[in-house]
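Numbering (UniProt numbering), first residue to last: 1 to 316. Since the structure comes first, as structure tokens, the remarks are kept for the end.
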């Protein structure tokens, strides 16, 4: 219906950008120099193509498996260390300049004999924390400014474990760098650093400040780890259990996970533990410690839901 109106666009294309170090790629048995060769890959995924239809957008294409390596196209592969700021900026600058130009222009392509127009939206979500800090001009991860999403310091974050909002942005980082560079208020280094909240290099790639999949994994696994303990202690029947009892449940869980899943107890939840914990096999192992068959089913269902949800935030 009214198809002719839509054949030539403009189509809106959402592109997800990713960049990560690939680690050591040196020749292992060659006779070349024994220098560590590292590589960095900048790649993109076409996530969605839509077209405006009246007041709403109609989806023309959506990537069904946005995490698959089949749709993640490498755009630039460089032999460089991701920590080498100068090399990284030198190689990626032309690419970023082109991206900036594409943001404000339209691409016209003749496809199937029809001239079609495309607009591009870029979302830089495929960066880990180390690279976000690198390309957004922030101090390295040992910084007192602990977060790449907001201005919290380590102390503030430890006193407020719940309520934070995303406040950092690429534009703000650029402004802060300008303040850092020119020191318009003639402040001391300490005062200046406090003013710019840890921005001390020029940001050169715009990333989207969003919680990364790793921390989603960690947060969810920590919650499940707690649920497993509460189920072992049958808290639904005995809500007023003592601290000692609760410690006993944790010890029971740790011992069983070590025996059945080869999962050693840890002080703080980390990514590897989280990924191993969040499996159907783990639930089956934990169910051996829980008497009620009904609770087994509930726990299996919960884990099943979680595993179905996981690809959603891994890709977004």
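Ideal placement from N, C-alpha and C gives every residue a C-beta, glycine not left out.
Quick check on this structure: which residue in 257, 288, 252, 10 has the alpha carbon closest to the alpha carbon of residue 106? 10
Quick check: the Cα distance between residue 294 and residue 96, rounded to an integer number of angstroms? 55 Å
Only counting the same chain, and skipping five residues up and downstream in sequence, which positions put a Cβ closer than 8 Å to that of residue 51? 6, 9, 10, 11, 12, 57, 58, 60
Is it the case that the stretch 206-214 contacts the stretch 253-268, given that we only count it when at least three CB pairs across the two stretches are under 8 Å? no
Three-state class that DSSP yields for residue 168 in the structure shown: coil
To the nearest angstrom, report how far apart residue 287 and residue 229 are at their CA atoms. 11 Å
Looking at residue 269 and residue 283, is the spacing between their C-beta atoms short of 7 Å? no
Endpoints, alpha helix (DSSP H) assigned at residue 275: 271-277
Spatial distance of residue 236 from residue 17 (CA atoms): 46 Å
Spatial neighbours of residue 75 within its chain, please: CB distance less than 8 Å, with the 5 preceding and 5 following residues excluded, ordered by chain position. 42, 43, 44, 95
Backbone CA spacing between residue 15 and residue 214 [nearest angstrom]: 21 Å
Ordered along the chain, which non-local residues of its own chain (more than five positions away) have a Cβ less than 8 Å from that of residue 71? 45, 46, 63, 65
Rounded C-alpha distance that separates residue 120 from residue 172: 23 Å
Assuming contact is defined by CB atoms lying nearer than 7 Å, are residue 290 and residue 223 in contact in what I supplied? no
Residue 95 by DSSP, collapsed to three states: which one? helix
Can you give me the Cβ contacts of residue 199 inside the same chain, cut-off strictly under 7 Å, excluding the 5 residues immediately before and after it? 137, 138, 173, 176, 177, 180
Are the Cβ atoms of residue 167 and residue 150 separated by less than 7 Å? yes
Can you grab the Cα-Cα spacing for the pair residue 156 / residue 194, in whole Å? 14 Å
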